[in-house]
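> In the numbering used here, the protein residues as written are 302 to 559. Here it is: the structure, laid out below.
So, in C-alpha cells, the structure goes:
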C-alpha cells in the first residue's frame, strides 16, 4: 500500500531513547505496507514543571491518592501531542504505542472503519478488558464488530483510531489533566461525550518483548499509597457476584464516560 493509497494517518509514539521500540514499529509497519510518522514525544516531566504542562496534582491526589509519576505525565503529553496532530488532519488517525503488535487483520479493520459502514469517533483495537454492552453494536464484517464498553478501566492505549472530531474533543478536555492517559481515555472517570467503541474481538495485540521493557508500571507502583485488599475470585459466592455484576453491566445503558 503506497502512502497515497493509505486513507488514514498512522501516528507512532516512541521516545528517542526507545530504540528497540522504534525498530519494532518500523519493521512491523513496513512488512504490512503501512506508512507512519513519529509523534514528537515528551520526556518525563519533573515536579517543578507540572503547572506548565497542565497537570493538576491536587486533583490527582484527591482522586487517586497519589501524584502521577514523571513518566506517566510524559506519556500523557505524548498522547496529547498525537491527539493534536489527529485533530489537525482531515482524515482519521491510527495511534500506536511502541509495543503495539499489528497484523493483516489490524490493517483490514482500519480500512473498514473508514469506509463509512460504521459511526464512531474513537475505536480501540487493543484493550486490557472489554465487557461488550448489548447496546449500539455495529457489525464491521462476519468477524469484527464495534461494541460499547460496559466496564470501566478498559485500559491500554497501545492501538486506537481517532476521527478528527474525536481527537479535538480529547484535546479540549486534556488542557488540564490529573489522570494517566489510559485512565483519562478509557477508565470511565471523565464524561467525554465521545462516541467510543471497542473492536471485538481485539484487532491488535502487544509485542511481549517491547511491552516488558516499559518502566511506567514500576513508577506507578512506587507512587501508590492506597492498598487494596485482594479478593479470592475462586470462591463460589465471589464468582456469582462477578457473574451478576457483569450481566448487569452488559444490559445497562452505556456510560457517557465510555
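Note that the Cβ used here is the ideal one computed from N, Cα and C, for glycine as well. Predicted model, so just to flag it, every value in this text is computed and none were measured.
Could you pull out every unbroken alpha helix (DSSP H) segment of at least 4 residues lying fully inside the segment 432 to 487, listed in chain order?
Fully enclosed alpha helix (DSSP H) runs of 4 or longer: 465 to 474, 482 to 487.
> Find the nearest neighbour of residue 373 within the set 357, 482, 340, judged by alpha-carbon distance.
If we check each option's Cα against that of residue 373, 482 comes out closest.
> When you compare the CB positions of residue 410 and residue 423, do they come within less than 8 Å of one another, or not?
Cβ atoms of residue 410 and residue 423: not closer than 8 Å.
> Three or more C-beta pairs under 8 Å: does that hold for the segment 464 to 479 against the segment 377 to 395?
With a cut-off of 8 Å, the segment 377 to 395 and the segment 464 to 479 count as touching, because enough Cβ pairs lie within range.
> In the DSSP assignment, the beta strand (DSSP E) including residue 415 goes from what residue to what residue?
Per DSSP, residue 415 belongs to no beta strand (DSSP E) and is neither H nor E.
> For the beta strand (DSSP E) that contains residue 394, what are its first and last residues?
Per DSSP, residue 394 belongs to the beta strand (DSSP E) from 394 to 398.
> Kindly indicate the opening and closing residues of the beta strand (DSSP E) around residue 312.
Unbroken beta strand (DSSP E) run through residue 312: 310 to 314.
> Are the Cβ atoms of residue 414 and residue 326 separated by less than 8 Å?
Result no, Cβ atoms of residue 414 and residue 326 do not sit closer than 8 Å.
> Return yes when the Cβ of residue 401 is within less than 8 Å of the Cβ of residue 429, no when it is not.
Not closer than 8 Å, so no.
> Within 10 angstroms of the Cβ of residue 449, are there 16 or more other Cβ atoms? Answer buried if so, exposed if not.
So residue 449 ends up on the buried side.
> With DSSP collapsed to three states, give me the class of residue 507.
Here residue 507 sits in strand by DSSP.
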